[in-house]
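Mapping to numbering that gives the first Met the number 0: the sequence shown position 320 is 319, numbers consecutive.
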Amino acid sequence: MIVEFMQGSYVPLLFAALATFCVTVYVLADGLDLGVGILFLLAPRDADRDLMMATVEPVWDANETWLVMGGTLLVAAFPPGYYVLLPAFYLPIMFMLFALIFRGIAFEFRLQATRFRFIWDIAFAGGSILATLCQGLILGGLIGGVPVENGMFAGGAFSFLSLLGVMCGVGLIGGYALIGAGWLIWKTEGPTQVFAREVARAALILTAVMMALVSAWSAWSVPEVAARWFAWPNLLLLAPVPLVTLAVIVAIWRGLWDGAEIRTFLLSLTLFALGLIGLVVSLWPYVVPRSVTVWDGIADPQALAFIGVGIVLILPVVLAYQAHAYWVFRGKSTHGHGAYGGTASSAASH
């Protein structure tokens with residue numbers, strides 16, 4: 000019965016939506032701790048850096064679960080997305096993974112270090128920046144298109160390098176920094192929160208400028224993207240996306256110093272979500288841009304049945320675990336509890 004269900008024409012859409020959901024949750028969730036890492040060396044005091052790390056210590060590993068889940072779903076449900084895209088982006092993927100490993104190690108080693116603590120500060124910040132740049136290079140390569148011949152990747156080891164990829168990387172650095180600053184505004188008080196409010200303005204400017212440049216360059220250099228956005232009646236149907244994006248940017252700018260704390264964080268997530276909507280519009284319906292669609296690249300029904308059972312069992316557990324982690328460590332982060340710190344609510348419960 001399950002195999003028969005997986006033979007429906009809507010099944011590729013379902014698995015594409017699941018993969019998109021996992022990637023979206025990863026970007027929004029891990030974006031906050033990558034953003035904190037990007038801002039790490041800009042903090043004026045070591046006490047600020049301790050508090051910044053305390054805000055993400057309880058949740059960062061759960062955030063990265065979505066990267067593993069999204070990658071696994073891509074491999075299992077859309078095999079061409081694996082055997083074409085992996086060699087196309089092998090180098091940035093490997094550098095990203097090593098950067099994430101270094102960043103994870105920095106959490107534990109920095110706590111124990113005394114004389115050479117600055118080394119782990121650099122590892123944490125450098126790992127966050129490098130991982131973000133690699134994600135931008137991958138994003139730019141997807142938008143620009145992957146060279147494919149006879150169903151296989153036809154480019155070289157450095158085919159992923161492009162001006163569009165560099166611009167995407169810089170834009171992601173600004174966007175993650177904005178999410179990280181919004182997170183710090185919500186989770187901290189005092190000088191650390193003031194620092195977050197100040198740096199959020201620069202991050203917002205960088206994000207807005209790079210979003211405009213990436214959009215313009217994509218439309219100019221990739222005819223398929225221009226046709227998708229500017230052909231009639233798409234122009235009328237898709238016009239709300241950039242207009243709402245502009246409204247969100249203005250709302251973030253006006254609300255940075257009005258006393259609201261969670262609003263900047265939520266609006267930053269909304270801004271990123273709008274960017275992801277734009278990406279989906281530009282790339283749909285391709286698994287491998289301009290070569291393999293979701294219908295052409297979907298796995299066989301038996302494999303999809305196996306994957307579907309796993310998703311039904313695992314996805315609720317992951318969601319429940321992450322929701323529980325955020326709930327337990329809700330409230331303001333403080334010094335003096337746990338490894339780097341704790342939260343007001345968790346400290347009160349003890």
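Where a beta carbon is used, it is the ideal one built from N, C-alpha and C, also for glycine.
In whole angstroms, what is the alpha-carbon distance linking residue i and residue j?
| i | j | result |
| --- | --- | --- |
| LEU350 | MET52 | The first residue shown for the chain is 0 and the last is 349, placing residue 350 beyond what the model contains. |
| PHE39 | GLY330 | 21 Å |
| GLU197 | TRP219 | 34 Å |
| VAL293 | ALA18 | 11 Å |
| ARG48 | ALA302 | 46 Å |
| LEU268 | LEU312 | 28 Å |
| LEU90 | HIS323 | 35 Å |
| THR244 | ASP299 | 39 Å |
| LEU129 | ALA105 | 14 Å |
| VAL58 | LEU162 | 34 Å |
| PHE157 | LEU282 | 22 Å |
| ARG253 | THR187 | 20 Å |
| LEU31 | GLY179 | 4 Å |
| SER332 | ASP257 | 21 Å |
| ALA75 | LEU160 | 27 Å |
| LEU236 | ARG116 | 53 Å |
| ALA259 | MET151 | 51 Å |
| PHE328 | PRO232 | 47 Å |
| LEU41 | SER290 | 43 Å |
| GLY307 | LEU73 | 13 Å |
| LEU266 | TRP185 | 12 Å |
| CYS133 | GLY164 | 9 Å |
| ASP295 | THR263 | 41 Å |
| PRO288 | LEU242 | 26 Å |
| ILE118 | GLY139 | 31 Å |
| GLY274 | LEU318 | 23 Å |
| ILE137 | PRO239 | 27 Å |
| PHE123 | LEU183 | 17 Å |
| ARG200 | ALA246 | 16 Å |
| ALA16 | GLU107 | 36 Å |
| GLN321 | ALA87 | 32 Å |
Candidates the options: which alpha carbon is nearest residue i's?
| i | options | result |
| --- | --- | --- |
| ASN149 | LEU163, LEU73 and VAL83 | VAL83 |
| SER217 | PHE305, LEU312, GLY154 and LEU141 | LEU141 |
| GLY34 | LEU99, LEU72, LEU136 and ALA15 | LEU99 |
| GLU223 | TRP182, GLY69, LEU85 and LEU278 | LEU278 |
| SER127 | LEU171, ILE137 and TYR89 | LEU171 |
| GLY103 | LEU73, ALA61 and ALA156 | ALA61 |
| ILE251 | ALA16, SER332, TRP326 and PHE271 | PHE271 |
| THR131 | VAL327, MET210 and ALA176 | ALA176 |
| TYR285 | PHE77, GLY155 and GLY139 | PHE77 |
| THR71 | ARG200, VAL165, LEU314 and PRO241 | LEU314 |
| PHE94 | GLY125, TYR320, THR206 and PRO288 | GLY125 |
| MET209 | ALA46, GLY135, GLY181 and PHE108 | GLY135 |
| PHE14 | VAL26, GLY80 and GLU56 | GLY80 |
| ARG44 | LEU12, LEU318, LEU85 and ASP120 | ASP120 |
| MET166 | ALA201, ALA199 and SER214 | SER214 |
| LEU205 | VAL280, LEU273, GLY174 and TYR325 | GLY174 |
| VAL55 | VAL240, GLY181 and VAL249 | GLY181 |
| ALA202 | VAL221, VAL169 and LEU212 | VAL169 |
| PRO11 | ILE297, TYR320, GLY154 and TRP326 | ILE297 |
What residues match up with residue i in a beta bridge as DSSP calls it?
| i | result |
| --- | --- |
| THR64 | In the DSSP output, where bridge partners are listed per residue, THR64 has none listed. |
| GLU148 | MET151 |
| THR292 | TYR285 |
Quick one: what does DSSP say residue i is sitting in, helix, strand or coil?
| i | result |
| --- | --- |
| VAL249 | helix |
| TYR82 | helix |
| TYR9 | coil |
| PHE115 | coil |
| VAL58 | coil |
| VAL287 | strand |
| THR19 | helix |
| THR131 | helix |
| THR187 | coil |
| ARG44 | coil |
| ALA298 | coil |
| PHE4 | Caution applies to PHE4, whose pLDDT of 47 falls short of 50 and renders its modelled position unreliable; the model cannot decide the point. |
| LEU236 | helix |
| VAL221 | coil |
| GLY258 | coil |
| LEU212 | helix |
| LEU99 | helix |
| PHE14 | helix |
| LEU160 | coil |
| PHE88 | coil |
| PHE264 | helix |
| ALA201 | helix |
| TRP228 | helix |
| PHE77 | coil |
With respect to 7 Å, is the separation between the Cβ of residue i and the closest non-hydrogen atom of the ligand SAM below this value?
| i | result |
| --- | --- |
| CYS133 | Of the ligands one can find in the structure shown there are none, so the ligand SAM has no counterpart to examine. |
Worksheet item: Does the region 227–243 come close enough to the region 185–205 that 3 or more CB-CB pairs lie under 8 Å?
Response: Contact fails: fewer than three Cβ-Cβ distances are below 8 Å.
Item to complete: Indicate whether the contact test is met: 3 or more Cβ pairs, each with one atom in the region 65–74 and one in the region 14–31, closer than 8 Å.
Response: Yes: the two stretches touch, three or more of their Cβ pairs being nearer than 8 Å.
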